[in-house]
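Here's the structure we're looking at; comments come further down.
Number of protein chains: 2
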Amino acid sequence: MISYCVFDAYGTLFDVHSAASKFQRILGNKQESVSALWRQKQLEYTWLRSLMGRYVSFDQVTADALQYSLQVHGFQEDSSKVNLLEAYKKLDCYEDVQSCLNQLRANNVATAILSNGTLPSLKTLVENANVAHLFDQLISVSEVEVYKPHPSAYDLVTRKAQIPKEKVAFISSNCWDAIGAANFGFQVFWLNRNENVPDVLPGKFTTIYNLNQLLDKVVQPS
Amino acid sequence: MISYCVFDAYGTLFDVHSAASKFQRILGNKQESVSALWRQKQLEYTWLRSLMGRYVSFDQVTADALQYSLQVHGFQEDSSKVNLLEAYKKLDCYEDVQSCLNQLRANNVATAILSNGTLPSLKTLVENANVAHLFDQLISVSEVEVYKPHPSAYDLVTRKAQIPKEKVAFISSNCWDAIGAANFGFQVFWLNRNENVPDVLPGKFTTIYNLNQLLDKVVQPS
Numbered sequence: 002m003i004s005y006c007v008f009d010a011y012g013t014l015f016d017v018h019s020a021a022s023k024f025q026r027i028l029g030n031k032q033e034s035v036s037a038l039w040r041q042k043q044l045e046y047t048w049l050r051s052l053m054g055r056y057v058s059f060d061q062v063t064a065d066a067l068q069y070s071l072q073v074h075g076f077q078e079d080s081s082k083v084n085l086l087e088a089y090k091k092l093d094c095y096e097d098v099q100s101c102l103n104q105l106r107a108n109n110v111a112t113a114i115l116s117n118g119t120l121p122s123l124k125t126l127v128e129n130a131n132v133a134h135l136f137d138q139l140i141s142v143s144e145v146e147v148y149k150p151h152p153s154a155y156d157l158v159t160r161k162a163q164i165p166k167e168k169v170a171f172i173s174s175n176c177w178d179a180i181g182a183a184n185f186g187f188q189v190f191w192l193n194r195n196e197n198v199p200d201v202l203p204g205k206f207t208t209i210y211n212l213n214q215l216l217d218k219v220v221q222p223s
Numbered sequence: 002m003i004s005y006c007v008f009d010a011y012g013t014l015f016d017v018h019s020a021a022s023k024f025q026r027i028l029g030n031k032q033e034s035v036s037a038l039w040r041q042k043q044l045e046y047t048w049l050r051s052l053m054g055r056y057v058s059f060d061q062v063t064a065d066a067l068q069y070s071l072q073v074h075g076f077q078e079d080s081s082k083v084n085l086l087e088a089y090k091k092l093d094c095y096e097d098v099q100s101c102l103n104q105l106r107a108n109n110v111a112t113a114i115l116s117n118g119t120l121p122s123l124k125t126l127v128e129n130a131n132v133a134h135l136f137d138q139l140i141s142v143s144e145v146e147v148y149k150p151h152p153s154a155y156d157l158v159t160r161k162a163q164i165p166k167e168k169v170a171f172i173s174s175n176c177w178d179a180i181g182a183a184n185f186g187f188q189v190f191w192l193n194r195n196e197n198v199p200d201v202l203p204g205k206f207t208t209i210y211n212l213n214q215l216l217d218k219v220v221q222p223s
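So the protein sequences, as listed, match chains A and B. Just so you know, we're using this note's numbering here: the first sequence kicks off at 2 and counts up by one. Just so you know, we're using this note's numbering here: the second sequence kicks off at 2 and counts up by one.
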């Protein structure tokens, strides 16, 4: 029985590419490519910094990765960077989030976010999208200063909620994150919004294609 | 004074894209894209597995990453995969390797490889390229079962060579690897063969554009 649903934030509840999509005027036809490399480097830098023991906040990593991507694409970074980072604080929330969360809570399932993001950034994200009231807890890996998929990141959930890991469902659109959570011991749902190929890494998860499909798996019919 | 030059193998001494380049017949115009994603996922999987504590050999990681890349590009994996993995054991050696190594050794600088690769694969690589005699040591991270840029990987050099890290020059074409080695404490040269943008990560290194430029920096004029 699942009593706690824990969601990844970036890519899972919030569309990370919605920031760059608002700056077509500046980025032109490089918009998608800038955004994809920004995201790729952002993740790479979290992994590399965790392995080197050189943690900085996700806000800083995000800014560093954007600087790299803008430079690769030949953009002057100064003003574009400030605007894009500002937009990253107010990412679009996916359409299926509100109804899924509402129904989970109506069925007495507690809800939380576990994210690489800092607590202030997570608060801004959920408040801007009017979904702050739908989460019992916002949990940031900043407390342990190591990024997912390190087990210490996932362990924050069990420590803070005082709940056995077997009762936790973890939902992420990032396949590597789903696999990290599976290795830790959660019941895991990979939210494969774009029908991507799964990563070839060890870890058991159930694939869903939108958040409505989560309800059938987690909530028992009454 | 540098007394020991330690080289990364894949991408630095050996061209990782030379495997796929031999299979244009099978991969067609997707050859470069298959090879790029293969390499990207190979590195990602080393970092993710190291963070999750789920080490497998670099041979296995390489096979897993290739499987992912072939699937994304819509190829049946079976026969292509076997052929490409076979070619990965015999990568082309860059043209500047032989003369650089010869000159370092003529100037009493010891030489080694520190690689994510397994010892049998490293031996096959250097023997196939006729450069085995140019290295005093081949060192594989398989001994510590964690991948670069974890400090334990670089520490293998100091442990095996019994040499203070300040006397070691580390050379890598992979910017993140150069930065990892710099964080560990080596004198580091980033071999920027393709005039890439440097990663936005902390760590001091000197940029060179080919291996001939290394000699001026390491060998004192007599």
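Backbone N, C-alpha and C define an ideal beta-carbon position, used for all residues, glycine too. What you are looking at is a predicted structure, and each value in this text was computed from that prediction instead of being measured.
Per-residue DSSP class, three states only, for residue i
i                      : result
residue 93 of chain B  : strand
residue 140 of chain B : strand
residue 220 of chain B : coil
residue 173 of chain A : strand
residue 83 of chain B  : helix
residue 112 of chain B : strand
residue 5 of chain B   : strand
residue 155 of chain B : helix
residue 180 of chain B : helix
Separation of residue j from residue i, as counted between CA atoms
i                      : j                      : result
residue 1 of chain B   : residue 162 of chain B : The requested residue 1 of chain B is not part of the displayed model; chain B covers only 2 to 223.
residue 142 of chain B : residue 148 of chain A : 22 Å
residue 183 of chain A : residue 198 of chain A : 18 Å
residue 175 of chain B : residue 94 of chain A  : 36 Å
residue 82 of chain A  : residue 126 of chain B : 43 Å
residue 59 of chain B  : residue 124 of chain B : 14 Å
residue 67 of chain B  : residue 134 of chain A : 44 Å
residue 27 of chain B  : residue 39 of chain B  : 16 Å
residue 8 of chain A   : residue 201 of chain A : 22 Å
residue 48 of chain B  : residue 220 of chain B : 34 Å
residue 211 of chain B : residue 45 of chain A  : 26 Å
residue 24 of chain B  : residue 160 of chain B : 40 Å
residue 207 of chain B : residue 34 of chain A  : 29 Å
residue 196 of chain A : residue 103 of chain A : 25 Å
residue 191 of chain A : residue 29 of chain B  : 32 Å
residue 144 of chain A : residue 181 of chain B : 24 Å
residue 73 of chain A  : residue 2 of chain A   : 48 Å
residue 79 of chain B  : residue 118 of chain B : 23 Å
residue 107 of chain A : residue 156 of chain A : 26 Å
residue 21 of chain A  : residue 37 of chain A  : 9 Å
residue 50 of chain B  : residue 52 of chain A  : 11 Å
residue 5 of chain A   : residue 137 of chain A : 10 Å
residue 178 of chain A : residue 214 of chain B : 41 Å
residue 158 of chain A : residue 113 of chain A : 9 Å
residue 89 of chain B  : residue 204 of chain A : 27 Å
residue 152 of chain A : residue 54 of chain B  : 9 Å
residue 99 of chain A  : residue 13 of chain A  : 13 Å
residue 129 of chain B : residue 91 of chain A  : 54 Å
Residue i CB to nearest heavy atom of the ligand PLP below 6 Å
i                     : result
residue 37 of chain A : You won't find the ligand PLP in this model; it holds no ligand whatsoever.
Contact list for residue i against chain A, beta-carbon separation under 8 Å
i                      : result
residue 143 of chain B : Under the 8 Å cutoff, chain A gives no residues; its nearest Cβ is about 17 Å from residue 143 of chain B.
Contact list for residue i against chain B, beta-carbon separation under 7 Å
i                     : result
residue 51 of chain A : 52
residue 72 of chain A : 198
Interface partners of residue i on chain A, CB under 9 Å
i                      : result
residue 151 of chain B : 52, 53 and 54
Contact set between residue i and chain B, taken where Cβ atoms lie within less than 8 Å
i                     : result
residue 69 of chain A : 198, 200 and 201
Can you give me, in chain order, the residues of the stretch 174-188 of chain A that have a beta carbon less than 8 Å from any beta carbon in chain B?
Taking 8 Å as the cut-off between beta carbons, the residues of the stretch 174-188 of chain A near chain B are 177, 180, 181 and 184, in sequence order.
Listed in chain order, which residues of the stretch 188-202 of chain A have Cβ atoms closer than 7 Å to some Cβ of chain B?
Contact annotation: in the stretch 188-202 of chain A, residues whose CB is within less than 7 Å of a CB in chain B are 198, 200, 201 and 202.
Could you give the uninterrupted runs of the alpha helix (DSSP H) lying entirely in the stretch 19-79 of chain B, keeping only those of 4 residues or more?
As for any alpha helix (DSSP H) of minimum length 4 sitting wholly inside the stretch 19-79 of chain B, the runs are 19-22, 25-28, 32-53 and 59-73, ordered along the chain.
For a minimum of 3 consecutive residues, which ranges assigned as the beta strand (DSSP E) are wholly contained in the stretch 183-207 of chain B?
Runs of the beta strand (DSSP E) inside the stretch 183-207 of chain B: 188-192.
Could you run through the stretch 56-67 of chain B and flag, in chain order, every residue whose CB is less than 8 Å away from some CB of chain A?
Residues 65 and 66.
With 9 Å as the C-beta to C-beta threshold (strictly closer), list the residues of the stretch 34-45 of chain B near chain A in chain order.
Those residues of the stretch 34-45 of chain B placed with their C-beta closer than 9 Å to a C-beta in chain A are 41, 42, 44 and 45, ordered along the chain.
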